[in-house]
Amino acid sequence: PSKRNIVSPMIGLVATLALAALLLTRPTNIEPTFVVVLVAPQNQAPGWVIQASSNQQIQLIPLGVMEVPADKALQFWTKGDGWQGPVSLGLVTPGQTLSVPLDKLPPLTQNQLFELTLEDPRGSPTGKPTGPIQAIGRAVKVL
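Note that my numbering gives residue 123 to position 43 of the sequence shown, counting from 1, and the numbers run on in steps of one.
Have a look at this one:
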């Protein structure tokens with residue numbers, strides 16, 4: 081057999097062993113991960129995914145590019161059970177991933193609400209959602 085035929089399987093074997101070692105040695109006390117799929121309320125089409133590997137930060141990931149009128153902006157909100165009202169997580173650029181630190185909010189919880197609303201270009205004038213909901217979903221704990 082040629083060297084090329086032997087080297088290629090060896091690289092695959094080394095990569096597999098390295099991945100197995102990484103998976104077996106990772107800490108088992110990792111905080112729960114939450115995932116949210118935000119869907120359009122009209123047709124339930126998925127438009128965004130939210131993932132959290134800890135209670136410190138989440139990522140809002142687009143599944144496509146959402147059309148937003150030139151005189152409007154998308155604003156990202158969340159509300160946990162027992163909260164007085166929704167909290168803004170910032171303005172969203174359609175088609176771009178947004179990372180949001182959660183250090184000033186209570187820990188994420190199962191069934192926590194997330195949504196995107198259409199607001200004024202600088203965000204909601206009231207500090208609460210005022211525009212129509214463009215995407216909505218609830219957190220699910222991934223075991």
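Where is the CB? At the ideal position from N, CA and C, for every residue including glycine.
To the nearest angstrom, how far is the alpha carbon of residue i from that of residue j?
i	j	result
V115	L178	15 angstroms
L140	Q190	17 angstroms
P121	P212	10 angstroms
A153	P187	27 angstroms
Q176	G162	31 angstroms
I37	A215	Nothing can be reported for residue 37: it is not among the residues displayed for the chain, which extend from 81 to 223.
Q136	D183	6 angstroms
S168	V180	11 angstroms
So what's residue i in DSSP terms, helix, strand or just coil?
i	result
K208	coil
L185	coil
T177	coil
G160	coil
L223	coil
Which whole-angstrom value describes the C-beta separation of residue i and residue j, a residue pair presumed to lie in contact below a C-beta threshold of 8 angstroms?
i	j	result
G203	Q164	No, G203 and Q164 are not in contact; Cβ-Cβ is about 19 angstroms, not under 8 angstroms.
V172	L198	The pair is not a contact, with the Cβ atoms about 11 angstroms apart (cut-off 8 angstroms).
Using a 10 Å radius around the Cβ and a threshold of 16 neighbouring Cβ atoms, would you call residue i buried or exposed?
i	result
L223	exposed
Q124	exposed
P205	exposed
- Message: Going residue by residue through the stretch 124–156, where are the continuous beta strand (DSSP E) segments of at least 3 residues, counting only ones entirely within it?
- Response: 126–132, 137–142
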